[in-house]
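The opening position of the sequence shown corresponds to residue 1 in this note's numbering, with each subsequent residue numbered one higher.
One structure below.
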Amino acid sequence: PLVEAMEPNRTTMRFVVLLVVGTLIVSGAAEYVRPPPGRAILTEHDKPASHPQQVHLSVVGANHMRVSWITDAKHGHSVVEYGRASGNYTTSATGEHTSYRYYLYSSGKIHHVTIGPLDPDTVYYYRCGTVGDEFTLKTPPAALPIELALAGDLGQTEWTASTLAHVSKNDYDMLLVPGDLAYADTQQPLWDTFGRFVQEHASRRPWMVTEGNHEVEAGMALPGSPGPFVAYTARWRMPHEESGSTSALYYSFDAAGGAVHVVMLGSYAAFNSTSEQYGWLARDLARVDRRATPWLVVLLHAPWYNTNAAHAGEGEAMRKAMERLLYEARVDVVFSGHVHAYERFVNKGL
């Protein structure tokens with residue numbers, strides 16, 4: 001299903017909300033019963049080991065993008081060549097690579113390269129690591145109007161494929177994902193199949209994500225065991241440092257030349273009034289000039305309000321801690337995931 005929302009008096013930003021599951025519910029409807037998962041789609045790498053795979057984009061500041069990809073651990077340079085014409089790469093940028101271990105699993109080289117400055121609303125052609133396929137990207141506009149697509153709890157099934165097909169039919173500028181990406185749940189090769197599965201879409205438009213419960217993946221409480229979020233933070237690097245955050249689990253960024261400010265909260269990071277996240281959120285919201293930024297959007301994974309009995313109260317502690325900050329900042333809309341269904345709520349009719 002595809003749900004479109006547009007503010008009647010501010011028609012300069014459009015949300016396209018896509019649901020991975022095949023059911024739409026509204027508050028007051030019959031109790032929602034989640035259907036069984038769709039057929040899994042596990043995408044293999046059919047290119048040479050040195051060729052980039054799992055390519056995806058994220059925004060960094062006003063006019064830069066981060067290109068992320070993976071190569072075999074023995075191959076690949078952290079360099080991106082790019083330009084405005086196919087095959088004519090007039091500029092290059094170098095970055096860094098990392099890797100991680102999760103018990104017996106060893107990741108490939110995870111490359112992150114920031115390119116720019118880039119012109120807004122412009123198509124660029126690029127190649128990662130000097131070998132392999134050419135990709136195209138389109139930068140977001142530097143002013144309103146802008147179109148943001150939202151899809152959470154993705155996984156890698158036939159339903160995911162259907163959702164992403166809906167996304168691709170819209171000329172959207174950016175995809176926002178409120179958590180639960182690969183559903184690896186400690187099975188690390190599923191991160192690789194997911195990255196290959198979404199590459200067709202994530203290599204063309206920036207994907208801005210926050211973590212869900214399926215990204216936690218905490219190891220056993222034993223010396224040398226992996227900590228939580230190891231795969232997520234290594235693979236899906238977001239601009240947390242650029243937004244003054246000390247944690248990769250929450251951050252913010254501007255879109256449309258600052259007309260939209262998006263806050264990505266961490267449902268699985270500490271959020272009480274003495275936490276780093278709470279203090280960062282208060283400072284971040286205080287810096288927003290609503291005269292220059294008419295849209296203030298928040299994403300998080302576990303919803304603060306929902307009528308599904310199976311998830312009742314899961315976001316309540318975070319709501320009690322942080323909701324006041326959002327009301328005082330006059331946040332326009334909050335999006336969440338986790339429940340695999342669609343509901344919307346208003347506060348006292350406002």
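Where is the CB? At the ideal position from N, CA and C, for every residue including glycine.
Remember, it's a predicted structure, so these values are computed and weren't measured experimentally.
Secondary structure at residue 250: coil, using DSSP grouped into helix, strand and coil. In this structure, the beta-carbon distance from residue 239 to residue 253 falls below 7 angstroms. Residue 299 sits in a strand when the DSSP states are folded into three classes. The DSSP assignment places complete beta strand (DSSP E) segments of no fewer than 3 residues inside the stretch 298 to 341 at 333 to 335, in order along the chain. The beta carbons of residue 331 and residue 296 sit closer together than 7 angstroms.
Note on residue 289: under 16 other CB atoms within 10 angstroms of its CB, so exposed under the neighbour-count rule. In this structure, DSSP gives residue 212 a state outside helix and strand, which the three-state scheme calls coil. At the C-beta level, residue 15 and residue 144 stay beyond 7 angstroms of one another. Each residue's CA atom was taken as its position, placing residue 268 and residue 213 some 7 angstroms apart. Taken through DSSP and simplified to helix, strand or coil, residue 159 comes out as helix. Per DSSP, the unbroken beta strand (DSSP E) holding residue 137 starts and ends at 134 to 138.
Of the candidates 310, 282, 319, 315, 282 places its Cα closest to the Cα of residue 329. Its chain contains 315, 319 as the residues whose beta carbon lies nearer than 6 angstroms to that of residue 304, once the 5 sequence neighbours on both sides are disregarded; these appear in chain order. Under a 10 Å Cβ-count criterion, residue 104 is classified as exposed, with fewer than 16 other Cβ atoms of the shown protein chains found around its own Cβ. With respect to the 7 angstroms criterion, residue 337 and residue 301 are classified as neighbours on the basis of their beta carbons. If the five residues before and after residue 70 are omitted, its C-beta is found closer than 6 angstroms to the C-beta atoms of 53, 54, 108, 110, all from its own chain and listed in chain order. Look at residue 233 here: in three-state DSSP terms it is helix. The residues 209, in chain order, have a CB closer than 6 angstroms to that of residue 236 in the same chain once the five nearest residues on each side in sequence are set aside. Its chain contains 66, 114, 239, 242 as the residues whose beta carbon lies nearer than 7 angstroms to that of residue 60, once the 5 sequence neighbours on both sides are disregarded; these appear in chain order.
Within the model, the alpha-carbon separation for residue 188 versus residue 161 is close to 21 angstroms. When the beta-carbon positions are compared, residue 299 and residue 176 come within less than 7 angstroms of each other.
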